[in-house]
Each structure stands twice: as C-alpha cells, then as structure tokens.
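K.L.:
Under numbering that gives the first Met the number 0, the sequence shown has 1 at position 2, and the numbering climbs by one with no breaks. To start, I am sharing the structure in question, which I have written as structure tokens.
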Amino acid sequence: MPENKATPETQAKQQSRVASDASSHTDVTAFVRQARTLATVAPASGPAEGRLIFAMDATASRQPSWDSAAVLQAEMFDAVAGIGSTLDIQLVFFRGISECKASAWYRDAARLRDSMTKVTCRAGHTQLARVLGHVEGQARDKKISALIYVGDCLEEDIDNLAGLAGQLALKGIKAFMFQEGYDPTAERAFREIARITGGAFARFDTSAADRLRDLLGAVASYAVGGINALEEYGNKTSSQDVKLLGSQLRKSR
C-alpha cells in the first residue's frame, strides 16, 4: 500500500501541538520550582538568628483560638526584637478533609497576621503527621530552631506520630506542643512528642489569652537565644507558664 504523507496543514498542526506541550511542561516546571522556593527561602533582608515554624489546627472547633492567635502572635516578634535578634516564622495549618498548607517565611508581625487573617477554619480531621513531616522536610535545607503546635484534639495514630517526632529529634528540632482544652488523647500524644524532641507541653484556653501570648513569646525567645533567652523573657513577664517551659527544657537535657 502507498505510504501516507502528511500534508502541510497536518504538519503545521503537529508542530503547534508539540510547541503547546513543551510550553505546558515548562509552565508546570516553573510552578513547582516557584512553590519550592516559596516554602524554603527566608526573607531577603539577611539571615535570621532563628527559624520557627508556627503550626495550627484550623479545623472548625479552633476558630475562636485561631482569631485570638492571629492577634497574639505579634508577641513572638516583639520578644526577639527586645533582645536585638531577628526571627523568621513560617505558618503551617490544616483544615477540611485533606488541606495542609505552609506560608512563605515572614520576619514581621504584620505580614504574618495578614496571612493568618485570610484563613478561616473548616470542619475536618487532624493532620499532625503531615505537619511533622513538613517540618522535617524544611530542616533538610536550613536549620529549624523550633516547632510550635497549637491544637485541641487528635484523631491520628500516636505510634506513627512518635516515629515522626523521632525524625525531628535527630535534627535537633524541639516541639512545643500547646493544647487548648482537656482532650486526653491529644494530651497524651502532645506530651509524648514534646518528650521525644526534648521540647515542652503546656495547656491554655481562650479565656486566658495572656497565657498563649507569654508562651509564644517564650518559644520565640528560645528560637533565637536558647534556654537563657527563654528564662530572661520569663523573668521580664513574671509568667509561671514560661518558667514551667524552662523547667521542662532543662529536664530534657
């Protein structure tokens, strides 16, 4: 049978399709590269003394606490500014069925607050395992000084979480687990993660906003100056909660 030959019109269509596919591939590659850069690169104003990941449960039950934390997180920046240091903070949150997101790295309260206030809580299950995995991944590129996690309940396997916490411990990342309320399963898991990583556990409630403010400021101080900076911050605030955090850290050494 005679060989079919492509007409000029067919050749033009094939060339157009190849060019379109190449363009789409380039767009996808560029997007992936940009997303990775956003998640790992610190602000361009120079290196920070500390890098802190601030992770929150954004499921429906947490809306009042989320709104409160959006206001109180400024204390983290104020605390380190008071000791002449700089801190980069990344916000991580989960909500809904499978949504778990990380922000860029921020160095000022206004930008972090703006990022938080754009988030609304949605019904869903906890995804603490994804948070811990994300923190471990970030630490592959640059040192992470500490993790703050704020949540009220837990619907995940504690043994699996303990294994992930062990990975953080190997990288020297201490987890500060702050629990709202009294859910016993969450408390057991949070305390275990804090123990494994050499971090600390504390409880707060929305009726005592000052407690959360002090806790956030304490960890921020620790992230840039270690245990001595945390204790200095505790002396300034006269906070019993901060003193208890310091005691837990010293015991874990």
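Positions of the beta carbon are idealized from the N, C-alpha and C atoms, including for glycine.
Could you tell me whether the Cβ atoms of I226 and R190 are closer together than 8 Å?
P.N.:
In this structure, R190 does not lie closer than 8 Å to I226 by Cβ.
K.L.:
Starting from the C-beta of N159, find all residues in its chain whose C-beta is less than 7 Å away, skip the five residues before and the five after it, and write them out in chain order.
P.N.:
Result list for N159: A128, in chain order.
K.L.:
Start and end of the beta strand (DSSP E) containing V91?
P.N.:
Where V91 is concerned, the enclosing beta strand (DSSP E) stretches over 86-94.
K.L.:
Less than 8 Å separating the beta-carbons of T184 and G123?
P.N.:
The answer is no: Cβ separation not under 8 Å.
K.L.:
Relative to the C-alpha of L71, which candidate in G216, S114, Q178 has its C-alpha closest?
P.N.:
When each option's Cα is compared against that of L71, the closest is G216.
K.L.:
What are the boundary residues of the alpha helix (DSSP H) that D151 is part of?
P.N.:
Per DSSP, D151 belongs to no alpha helix (DSSP H) and is neither H nor E.
K.L.:
Who pairs with R202 in a beta bridge, going by DSSP?
P.N.:
Per DSSP, Q178.
K.L.:
Whose C-beta lies closer than 6 Å to the C-beta of T236 among residues of the same chain, with five residues either side of it excluded?
P.N.:
D213, listed in sequence order.
K.L.:
Pull up the DSSP beta-bridge partners for M55, would you.
P.N.:
Looking at the DSSP assignment, M55 forms a beta bridge with F92, V149.
K.L.:
May I ask you to verify whether the stretch 76-87 touches the stretch 95-102, counting CB pairs closer than 8 Å and requiring at least 3?
P.N.:
The stretch 76-87 vs the stretch 95-102: no contact.
K.L.:
I need the straight-line Cα distance from V130 to D56, nearest angstrom please.
P.N.:
Approximately 10 Å between the Cα atoms of the pair.
K.L.:
Would you mind giving the Cβ-Cβ distance between L134 and I52, rounded to the nearest angstrom? I have them listed as a contact below 8 Å.
P.N.:
The question names Leu, but residue 134 is Val in the sequence shown. At roughly 5 Å, the Cβ-Cβ gap stays under 8 Å, so V134 and I52 are in contact.
K.L.:
Of all the options I192, D66, R252, which has the alpha carbon lying nearest to the alpha carbon of R112?
P.N.:
Nearest C-alpha to R112: D66.
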